[in-house]
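Student: Mind having a look at this structure? Questions to follow.
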Amino acid sequence: MLDIIIKVTDREGVQHEVAAPVDMPLNLMEVIRMHELAPEGTIGICGGMAMCASCQCYVVSNHILPEMQDEEEAMLSEAFYVRDNSRLSCQIPISVDLDGLEVKLAPES
Amino acid sequence: MIKTDILIIGAGPTGLFAVFEAGLLKLKCHLIDALPQPGGQCSEIYPKKPIYDIPAYPEILAGDLTDKLLEQCKQFQPGFTLGERAETIEKQEDGSFIVTTNKGTKHQAPVVAIAGGLGSFEPRKPLLNNIDQFEDKGIEYMIKEPEMYRGKHVVIAGGGDSALDWSIFLTSVAESVTLVHRRNEFRGHLDSVEKVQELKNLGKINLITPAEITAINGDSKLRSVEITKEGEAPFILETDHFIPLFGLSPKLGPIADWGLEIEKNAIKVNNALDYQTNIPGIFAIGDVNTYPGKLKLILCGFHEATLMCQAAYQIINPGKKYVLKYTTVSGVDGFDGTRKEAPKAVVKAFD
């Protein structure tokens, strides 16, 4: 199975092009951690339960993403630095449709 | 001065299980935690979420795991310093350590076990530039003494359980309670949401949604907040207190300055032996440590806690040989005088 490519701008503003395997159940937060694009302990603190917003990112490209569920929406309503294109990266499963996705990590809070 | 055998920093699952393992070795423990209750992340972030990889529990709620661990270690009478953050550590001439919290509570022990998870939980502060200026002068991020709000005007911001629960509670104490949330929906237990609705209808809670606190004003203390309702012009509301409740986020904090070897926000330990750090007598167990192949799992924390206790035993009882005993064979003798043991088998011969 081929990997897809995702472009992630880290919190320092540096863009990284990283490979994300689609043959295992991964979410975007896990891919960002896998490539160590944010320091351990500053991303994915709750482990991916949409309960901490430490993996918030801004979606820059026009990809169609899975719709936001209640828990994610509720968490984002309490988070800081939230914009219209904010998502919790732990709630975005990696799939072939996301090839070329561009995201920017939100500041740590 | 609180004195103990093993001073555990962090009362999450790993720290609590360490109490039990230490107790089997007749070592007494005291735990320090920045949160007001034991359980760490399991109690603070996801008490109602199930965990599926605790051995022998096909499924257990994180909050229930905390309760079980507390019950399991109860007879070893652990001491707790809760709601305080371990701030400094000083090595004494006799080899022991004194750990002082942010409130000045001192603890002394020959062995320190850091079981701090991702760090101590600190409140997430809203992005208002002069907020630091009014901290403890009208702005509090946690409610510690509800009595201080008696007869006062209070504004609470947030949409989770703590915002709802404290709003409900403060209606019986404060002169007025205003709850501001960015959305019309709240993320809390259904009965809390309903109770807030009821209090709103009775005029006891002034509910303002969808809205945000956009500025704070005052002099030597907080005087008012600026509230902006979505799509409307901001307005000023006079208040004595503003309590932002936006959850907590863990920070490694002062432990990072203890001279321990840190890698990727975690403390490096010797995983070949006993999870000791670069400072003899200080151990790091559970999510807070790192070593080749480290997995941040509760079950790995349990194993690390067990081996740490063996090393602590050697430090506290130098030269004494330890013989592994099985609880099924030896039973469990609590420090509170209780004894648990396997019932004797009934032996009866055939005639």
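Read top to bottom, the protein sequences are chains A and B.
With the first letter of the first sequence counted as 1, position 14 gets the number 14 in full-length UniProt numbering; the numbers rise by one all the way through.
With the first letter of the second sequence counted as 1, position 255 gets the number 255 in full-length UniProt numbering; the numbers rise by one all the way through.
C-beta: ideal position from N, C-alpha, C; glycine also.
Below 8 Å on C-beta distance, what does Gly-158(B) contact in chain A?
Tutor: What you label residue 158(B) is simply residue 158 of the second sequence in a count that begins at 1. The answer, in chain order, is Glu-78.
Student: For Phe-335(B), count the other beta carbons within 10 Å of its own beta carbon; 16 or more makes it buried, fewer makes it exposed. Which is it?
Tutor: Residue numbering aside, residue 335(B) sits at position 335 when the second sequence is read from its first letter. Phe-335(B) is exposed by the Cβ-count criterion.
Student: May I ask you to list the residues that DSSP assigns as paired with Phe-235(B)?
Tutor: Sequence index remark: in the second sequence, residue 235(B) carries index 235 (1-based). Phe-235(B) pairs with Ile-227(B).
Student: Are the C-beta of Ser-86(A) and some C-beta of chain B separated by less than 7 Å?
Tutor: As a position in the first sequence, residue 86(A) is number 86, starting the count at 1. No, Ser-86(A) lies away from the interface with chain B (no Cβ there is under 7 Å from its Cβ).
Student: Indicate the three-state DSSP secondary structure (helix, strand or coil) for Tyr-57(B) in the structure shown.
Tutor: Here the question's residue 57(B) lines up with position 57 in the second sequence. Three-state DSSP puts Tyr-57(B) in a strand.
Student: For Gly-79(B), list the residues DSSP reports as bridge partners.
Tutor: Here residue 79(B) corresponds to residue number 79 of the second sequence, with the count starting at 1. Gly-79(B) is bridged to His-30(B).
Student: Can you name the start and end residues of the beta strand (DSSP E) that Asn-206(B) belongs to?
Tutor: Sequence index remark: in the second sequence, residue 206(B) carries index 206 (1-based). That run of the beta strand (DSSP E) goes 205-208.
Student: Find the residues of chain B that neighbour Ala-74(A), judging by a C-beta separation of less than 9 Å, and give them in chain order.
Tutor: Here residue 74(A) corresponds to residue number 74 of the first sequence, with the count starting at 1. By Cβ distance, chain B contributes Gly-159, Gly-160, Arg-183, Glu-185, Phe-186, Arg-187.
Student: At what residues does the beta strand (DSSP E) containing Glu-304(B) begin and finish?
Tutor: By 1-based counting over the second sequence, the position of residue 304(B) is 304. From DSSP, Glu-304(B) is part of no beta strand (DSSP E) but of the alpha helix (DSSP H) over 298-316.
Student: Whose C-beta lies closer than 6 Å to the C-beta of Leu-248(B) among residues of the same chain, with five residues either side of it excluded?
Tutor: As a position in the second sequence, residue 248(B) is number 248, starting the count at 1. Correct list, in chain order: Phe-121, Pro-123.
Student: Closer than 9 Å by beta-carbon distance: list the chain C residues that pair up with Leu-127(B), in chain order.
Tutor: Among the chains of the structure shown, chain C does not appear; the protein chains present are A and B.
Student: What three-state label does DSSP hand Tyr-58(A) in the structure shown?
Tutor: Counting from one through the first sequence, the residue named residue 58(A) turns up at place 58. Tyr-58(A) falls in the strand class under three-state DSSP.
Student: Does any CB atom of chain A fall closer than 7 Å to the CB of Lys-264(B)?
Tutor: Taking the second sequence and counting its residues from 1, one reaches residue 264(B) at position 264. Chain A contact via Cβ: present.
Student: Could you give the DSSP three-state label for Asn-289(B): helix, strand or coil?
Tutor: Mapped onto the second sequence, residue 289(B) falls at position 289. Three-state result, Asn-289(B): strand.
Student: Can you name, in chain order, every residue of its own chain whose Cβ lies under 7 Å from the Cβ of Arg-83(A), other than the five neighbours on each side?
Tutor: Numbered from its first residue, the first sequence carries residue 83(A) at position 83. Correct list, in chain order: Tyr-58.
Student: Under 7 Å between the Cβ atoms of Ile-315(B) and Pro-78(B)?
Tutor: Counted from its first residue, the second sequence places residue 315(B) at position 315. Counted from its first residue, the second sequence places residue 78(B) at position 78. Going by C-beta atoms, Ile-315(B) is not nearer than 7 Å to Pro-78(B).
Student: Do residue 368(B) and Gly-41(A) have their C-beta atoms closer together than 7 Å?
Tutor: The displayed coordinates of chain B run from 1 to 351. Any statement about residue 368(B) would go beyond what the structure contains.
Student: Specify, as a first and last residue, the run of the alpha helix (DSSP H) that Ile-197(B) falls within.
Tutor: In the second sequence, counting from the first residue as 1, residue 197(B) sits at position 197. Just to set this straight, residue 197(B) is Gln in the shown sequence, not Ile. 190-201 is the span of the alpha helix (DSSP H), which, as asked, contains Gln-197(B).
Student: On the DSSP bridge list, what partners appear for Glu-90(B)?
Tutor: Here residue 90(B) is taken as the residue at index 90 of the second sequence, counted from 1. DSSP lists Ile-98(B) as partners of Glu-90(B).
Student: From what residue to what residue does the beta strand (DSSP E) around Arg-87(A) run?
Tutor: Taking the first sequence and counting its residues from 1, one reaches residue 87(A) at position 87. Where Arg-87(A) is concerned, the enclosing beta strand (DSSP E) stretches over 86-88.
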